[in-house]
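Below you'll find the structure, written out as structure tokens, and then a few comments.
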Amino acid sequence: MRTIIRDSHQMVRVMEEIEQIEKAITALEDQRSLLGDETVETALAPLREKLAALQSGPGGEQRKQVTILFSDLVGFTAITEKTDPEDVREILKEYFADWSQLIEQYHGVIEKYIGDAVMAVFGLSASRELDPENAIRASLDMRRSLYKLNEHLESTYGISLHMRVGIHTGQVVVSTLEERKGQSFVVVGDTVNLASRLQSAAPVDGILITRDTYRHVRGVFNVQMMDPVKMKGKTGEVQTYLVHEAKPRAFRMEPRGVEGVETRMIGREAEFLRLQEVFFDVIEEGQWRVVTVLGEAGIGKSRLLYEFDNWLELRPESVIYFKGRGHPSTQEIPYTLFRSLFAFRFQIQDSDSPEEVREKIETGIQADLSGDETGLMKGHVIGWLLGFEFGDSPYLKQRPADARQFQELSHHYLGSYFKGLAQNNPVALMIEDIHWADNSSLDLIKFLESYVGETQLLIICTARTALLERRPHWGEGELYHTQINVNPLTKRHTSHLLDEILQKVDQLPEELLEFVVKNAGGNPFYVEELAKMLIDDGVIVKGPEQWRIEIDRLNLGRIPSTLVGVLQARLDSLKNDERMLLQRGAVIGRTFWDRAVEFLEKPEDSRSANESLPIVLNVLRSREMVYKREKSTFDDCTEYLFKHALLRDVTYDSLLKVQRQYYHERAARWLEQATEHIHRIDEYAGLIAEHYEKAKDLELASNWYGRAGANAASRFANLEAVWAYSKALELLQNDKDLKRYEYLLARQRVYNLQGDREAQARDLHDLIALANDLQDDSKRAEVGLEQAKYLYITTDYPAAVTEAEKAIRLAQTSGSEANEADAYLLLCSIFIRQGTFDTARENAEKALYLAQKNNLDLIKGDILRHLGLVLYYLGNHHEALEYFEKAFEQFTKTGDRKGQGMAINNMGGANFELGNYADASLYYERSYLLCREIGDRIGEGRSLNNLGIINLVQGNYDRAEEYYLKALKISSELGNRGIEVSILDNLGNLQQYRYNYPKSIFYHENALQGARQIGDKINESYSMLNIGRGYLTIGQHEMAYWYLAEVVELNKKLNDRQGICQALINLSQYHLDITELEAALEKSKEVINTARESDFRSELAAGYYSLANVLLVEKKIPESIEAYQKSLEIHKELGEEKERISAKAKLSGAYLQTGEVNLAQAGVDEILDILDKQGTQGFAQPAEIFLTCYRVLKYQNDPRAEKILEKGYLLLSECASMFDDELFRQSFLENVHSNRELLEVWKENR
């Protein structure tokens, strides 16, 4: 049968039908491995018959889009002139044979040989999407083949060949010429001419392509944009690109446009320029940047990112790419956004087995971190964090049991990975739709700052404004962050966009233009979809070169005025089978797979394949409703993507509820089957749960949400874990079953990690009731222990003791010795806090006995460490050190590296108390390095804080401040308010040592505010003590008294006897300053008695010093001398040098009053010698020291007296100059006795 073509319009329709059939044939061929040869051949037969009939018009002429390749040898004529003709023939024969093989290999056809030139056509018999790519790959292979051929030619003939290649994609006319026998076609048209001229313009051994070819292969090859070229027969210049090589990791970028017409980006020039500027900042300054492109749905965020990506590809810099996208269905699954980035980078498919995933990540990360011997381990840890299953990994077997510890380690490795990658090459993370990103991934972006701040890392995120509802302060105040708001197009730009989309229409009706501009609201997606709707409705009729508008079919009253309306109209225009397929895809998500869609449709027992599925999907692609992904996440499926999330939503909303339930149940079943056989089902637990929930199968949904919660909790993804456990509990049908107990217990533990005490208390209340209902003593013991831990954290120590003891009794009756040991360890911690160290030691020893009896290795290290802490606080630092060393050995045995870091830190503390400052520094440094290596940033901050303390006591104030500020930065980044409060207090102490009293009080007040916000009573007490002492130092006695009295009351509630002693020492000074000698004496004696009873040596020394000060004022000189001497002995024993010097000065003054001048002089000489060597900073009352030294020297007529007085005066003046508040400055100079007296003596001597 021959098809007779009577006019040009009929010719257009025939060409379109031919194109549709060719696409259907290609789709079926792609499914051959899935459907089988017999099925495919049966389906192809009628299509081929119809195609043959359509193509057999007069002369067999047809119009097709193909890719033309022209290649020519360079300077071959000169070679032939000096080479034997037979040799020339052999050379060409071998050259053409290579070309012929490669062209055939890449599905091309040689149209002709012209001398030493070759012309080939790709897409002649059946068009393929990869035709342009295949033409380029054939050329690249030929260039490599030519290099090898030249090795032979140079050795045999002394010559070498070079070629030029030109490639262009466009429309041609293919004519059948029956008389040509073996070559029965000829291709003609401007496309052929342009490819030929392009070849002439190519550099030697170069492959030059046009923009029409380049737009099909964006992201596949490394190309260089060349200057536009003027070519014969062309009115304008032709943009060309030089192909260098194929990218090792290709990411094909779909051409942007409508109905095959590529369109320019309109109205986004300023936003595009801003992206370019940020990129240059990253490259030139070596500083990371995060850009958030913010705008409503359909506003053009993805198009902006696409154009930037296209621009970036043509840059000379070698950029390392990661690409990913947030999805609403995975918003509650931790780290899925970063998982998508790594899946793209290492080409990981969801259907890969754990072994295949492991190999890809190992290979990829080791290649990226070449030279890093730990790359393999880091790859496993990072991969597991991101949710990839690794099977039997030796590195993951040794991972910490503590989820927080594992998260810190994996975050550290991830940060180190990006740092290593971005130090030498620009790295770009292109992330779309972060308003749907999981919380863990959003937090991870912020976390990276401490690692990649000074690297060439650029992160570009697109988001709807809904992101700011989840994260109101996203990027706020961060120097690295840039927000680009994408606003609606202006009316003028909207008009230009419609002109661009319908560029093949001669004249747009004015009323259509006005309607679109009025209703689009500046939304480009509305304009694009409206144009497609008009094409679907036949209002716009497409032709090969020109499109026309059927005015009589244009009814503006029928055109929807909203984007959703336009999308619904397009959906309604589909045939029934097309719409149903799209709806099934929408149930799966914006991304879906052909096998999944098929599974949703067919009965469970059906084994037959849906032969029409590829054809229908191809129709949906041709109507630009879905895109086909080049690579699928499941290797036995073809993956598709809805053009826009809004289209998916509108399609999903068109389903009846009963249809949705059925399809969601099928989707859950498909995901289970698709992931279980590759042992990766837990990665999809949350997604499976959501499908079952929407299918109204609440029992299965609850079970799967429980699995998702456990999976999230194991990665310390606490927000996602709470959400999943909450969903599991919400959907449970039985209020008193073991599943409810399991989920409540797990969620309570996550609340504990989050510090959400109110929510934790609610869950504990429910757990206690549930354990009683279940009448299970082991569960009562377990919950009682959790309740005791809660009370301990909230500092209700008496109640915590009661609950822990109750848990012990229940654990004993139920035979749960693990819970019993845990409870004894908790009691040890409580009694340490209360200062009852003997009782603490008894409980720790009981815990240790049970741990050894039951081989509880994971808890044993912590028990040993607590025994060390008890001995540390009892002042037995040598024995404490031995226990810390044993704890370290136990942590090493169990692979608990975080425990190792804590034990090493404790070793530093013991050495510090022993006065072994060098050893202490080494331990703190070692702890710091270990914590940094494993990503334990809390431990890292703690070690830095301790390094600050040791430098402070050694007088290295600048170094101490450096450590404190580093520790403060880490704690602020982590949001760890507990450590932050401690560091702020230490910074306040440092400023007090520097005599910057206003700044000292400022730090302590900030510490107090933080302690109160987190309910930390112990640090609240410590901060108030420091504030009270600070106000006492500047003569603000009433304010000092208020704080110090509050500290006493608070420490009584906490049963902190040491804290009470410290407050009473300062209260004694307060009463002495205002001459309430009886009260001052009483407080001093109370300190001495309490400190002696509890063996608080430092406080005992301070108590004797306070007592001596009171006795000195009362003129009881011998008694005061005795008290000073006792104070001196203890300070010397403890190595408290600053305090010893202060006591020595007061003792010298007392000796002067008794006439024992030689003793007074000896004391002063020792003091002056130390001041010369160590400086004058760090003393509680420096004016007191200078006054005493002056008086003793003056009494002896020592010429140094005046210099000492001057030095004291200058130091006092310097301290006073640090006050901005004049009231406080005057108080400091006039209300502090030693300061006032020094000024008076100075004035008398002037």
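Using our numbering, the letters of the sequence shown correspond one by one to residues 3 to 1248.
Glycine is no exception: its CB is placed at the ideal position from the N, C-alpha and C atoms.
*Give the range of the beta strand (DSSP E) segment to which ILE211 is assigned.*
Taking the sequence shown and counting its residues from 1, the one referred to as residue 211 is at position 209. First-last of the beta strand (DSSP E) with ILE211: 209-212.
*Where do the ends of the alpha helix (DSSP H) carrying VAL955 lie?*
Stepping through the sequence shown from its first residue, residue 955 is reached at position 953. Unbroken alpha helix (DSSP H) run through VAL955: 939-955.
*Hey, how far is the Cα of HIS498 from the Cα of LEU275?*
Within the sequence shown, residue 498 is the residue found at index 496, counting from 1. Within the sequence shown, residue 275 is the residue found at index 273, counting from 1. Cα to Cα, the separation comes out at about 20 Å.
*Measure how close the beta-carbons of GLY328 and ASP435 come, nearest whole angstrom, since I'm counting them as under 8 Å.*
Taking the sequence shown and counting its residues from 1, the one referred to as residue 328 is at position 326. Taking the sequence shown and counting its residues from 1, the one referred to as residue 435 is at position 433. About 4 Å separates the two Cβ atoms, so the contact holds.
*Does the distance from the CB of GLN994 to the CB of SER984 come in under 7 Å?*
Indexing the sequence shown from 1 puts residue 994 at position 992. Indexing the sequence shown from 1 puts residue 984 at position 982. No; because the gap between Cβ atoms is not below 7 Å, this pair is not in contact.
_Presumed contact (8 Å Cβ cut-off) between TYR453 and PHE420, rounded CB distance_ = Within the sequence shown, residue 453 is the residue found at index 451, counting from 1. Within the sequence shown, residue 420 is the residue found at index 418, counting from 1. 6 Å between Cβ atoms; contact.
*asked:* In whole angstroms, give me the CA-to-CA distance for LEU992 and ASN1237.
replied: Numbered from 1 along the sequence shown, position 990 holds the residue referred to as residue 992. Numbered from 1 along the sequence shown, position 1235 holds the residue referred to as residue 1237. One C-alpha to the other measures close to 21 Å.
*With respect to the beta strand (DSSP E) encompassing GLY326, which residues constitute its N-terminal and C-terminal limits?*
Numbered from 1 along the sequence shown, position 324 holds the residue referred to as residue 326. 322-327 is the span of the beta strand (DSSP E), which, as asked, contains GLY326.
*Quick one: what does DSSP say TRP595 is sitting in, helix, strand or coil?*
Here residue 595 corresponds to residue number 593 of the sequence shown, with the count starting at 1. It is a strand residue.
_Three or more C-beta pairs under 8 Å: does that hold for the stretch 236-251 against the stretch 207-219?_
yes
*Under 7 Å, do LEU689 and SER331 count as touching if we go by C-beta distance?*
As a position in the sequence shown, residue 689 is number 687, starting the count at 1. As a position in the sequence shown, residue 331 is number 329, starting the count at 1. Cβ distance < 7 Å, so LEU689 and SER331 count as in contact.
*Please determine if the stretch 108-118 and the stretch 130-147 are in contact, where contact requires at least 3 C-beta pairs separated by less than 8 Å.*
yes
*Buried/exposed call for ASP1018, threshold 16 Cβ in 10 Å*: Here the question's residue 1018 lines up with position 1016 in the sequence shown. When all chains shown are included, ASP1018 counts as buried.
*asked:* Taking DSSP's pairing of strands, which residues face VAL123 in a bridge?
replied: In the sequence shown, the residue the question calls residue 123 occupies position 121. Paired residue(s): ILE70 and VAL111.
*Whose C-alpha, out of LEU1207, HIS414, LEU649 and LEU869, is nearest the C-alpha of ILE834?*
What you label residue 834 is simply residue 832 of the sequence shown in a count that begins at 1. It is LEU869 whose Cα lies nearest to the Cα of ILE834.
*Which same chain residues, not among the five before or five after GLN661, have their C-beta less than 8 Å away from its C-beta?*
Translated into the one-based positions of the sequence shown, residue 661 becomes position 659. Closer than 8 Å at the Cβ level, and outside the excluded window around GLN661, lie GLN585.
*To which residues does DSSP link ARG65 through a beta bridge?*
The count along the sequence shown starts at 1 and reaches residue 65 at position 63. Partner(s): VAL175.
*Tell me, which residues are paired with PHE644 by DSSP?*
The sequence position of residue 644 within the sequence shown is 642, counting from 1. According to DSSP, PHE644 bridges with VAL628.
*In its own chain, which residues sit with a C-beta less than 8 Å from the C-beta of ASN1008, not counting the 5 before and 5 after it?*
On the sequence shown, position 1006 is the one that residue 1008 refers to. Closer than 8 Å at Cβ, skipping near neighbours: LEU986.
*Please classify ILE590: is it buried, with 16 or more other beta-carbons within 10 angstroms of its beta-carbon, or exposed?*
Residue mapping note: residue 590 aligns to position 588 of the sequence shown, counting from 1. Buried.
*For ARG166, which of ARG145, GLU156, VAL176 and HIS154 has the nearest alpha-carbon?*
Sequence index remark: in the sequence shown, residue 166 carries index 164 (1-based). The option with the nearest alpha carbon to ARG166 is ARG145.
*Endpoints, beta strand (DSSP E) assigned at GLU1051*: For the purposes of this step, residue 1051 is taken as the residue at position 1049 of the sequence shown. It is not in any beta strand (DSSP E) - GLU1051 instead sits in the alpha helix (DSSP H) that spans 1039-1056.
*Span of the beta strand (DSSP E) holding ALA465?*
Here the question's residue 465 lines up with position 463 in the sequence shown. It spans 459-465 - the beta strand (DSSP E) in which ALA465 sits, taken as one unbroken run.
*Report yes if the C-beta distance between ALA719 and PRO336 is below 7 Å; otherwise report no.*
Position 717 of the sequence shown, counted from the first residue, corresponds to residue 719. Position 334 of the sequence shown, counted from the first residue, corresponds to residue 336. Cβ distance < 7 Å, so ALA719 and PRO336 count as in contact.
*If you run the structure through DSSP and keep just helix, strand and coil, what is PHE223?*
The residue labelled residue 223 in the question sits at position 221 within the sequence shown. Reduced to three states, the DSSP call for PHE223 is strand.
*So, helix, strand or coil for ARG1248, using DSSP?*
Position 1246 of the sequence shown, counted from the start, is the residue given in the question as residue 1248. Looking at ARG1248 - three-state DSSP - the assignment turns out to be coil, as it is neither helix nor strand.
*Limits of the unbroken beta strand (DSSP E) element including HIS483*: What you label residue 483 is simply residue 481 of the sequence shown in a count that begins at 1. It spans 483-487 - the beta strand (DSSP E) in which HIS483 sits, taken as one unbroken run.
*Under 7 Å, do ARG581 and ASP538 count as touching if we go by C-beta distance?*
Sequence index remark: in the sequence shown, residue 581 carries index 579 (1-based). Sequence index remark: in the sequence shown, residue 538 carries index 536 (1-based). Against a cut-off of 7 Å, the Cβ pair of ASP538 and ARG581 comes out as no contact.
*Nearest to GLN548 by alpha carbon, out of GLY817, GLN509 and GLY901?*
Counting from 1 along the sequence shown, the entry for residue 548 is found at position 546. Among GLY817, GLN509 and GLY901, the Cα nearest to that of GLN548 is on GLN509.
*Put GLY688 into one of helix, strand or coil per three-state DSSP.*
Working through the sequence shown from its first residue, we reach residue 688 at position 686. In this structure, GLY688 counts as helix in the three-state DSSP scheme.
_Rounded to whole angstroms, what is the Cα-Cα separation between ASP579 and VAL618?_
Counting from 1 along the sequence shown, the entry for residue 579 is found at position 577. Counting from 1 along the sequence shown, the entry for residue 618 is found at position 616. Each residue's Cα considered, the two are about 8 Å apart.
_Straight-line Cα distance separating GLY269 from LYS493_ = Taking the first residue of the sequence shown as position 1, residue 493 is located at position 491. Taking the first residue of the sequence shown as position 1, residue 269 is located at position 267. Using only the alpha carbons, I get a separation of about 10 Å.
*For PRO87, count neighbouring C-beta atoms within 10 Å of its own C-beta (all shown protein chains included) and say buried if the count is 16 or more, exposed if not.*
Along the sequence shown, read from residue 1 onward, the residue named residue 87 stands at position 85. With fewer than 16 Cβ atoms within 10 Å of its Cβ, PRO87 is classed as exposed.
*Among residues of its own chain, excluding the 5 on either side of LEU196, which ones have a beta-carbon nearer than 6 Å to its beta-carbon?*
By one-based count along the sequence shown, residue 196 stands at place 194. HIS170, listed in sequence order.
_Using CA atoms only, rank isn't needed, just tell me which of GLN67, HIS154 and PHE449 is closest to SER1._
Residue 1 cannot be examined here, being either before or after the span of the chain that is shown, 3 to 1248.
_If distances are taken between C-alpha atoms only, which option among GLY980, ALA1182 and LYS1140 comes closest to GLN1176?_
Working through the sequence shown from its first residue, we reach residue 1176 at position 1174. For GLN1176, the nearest C-alpha among the options comes from LYS1140.
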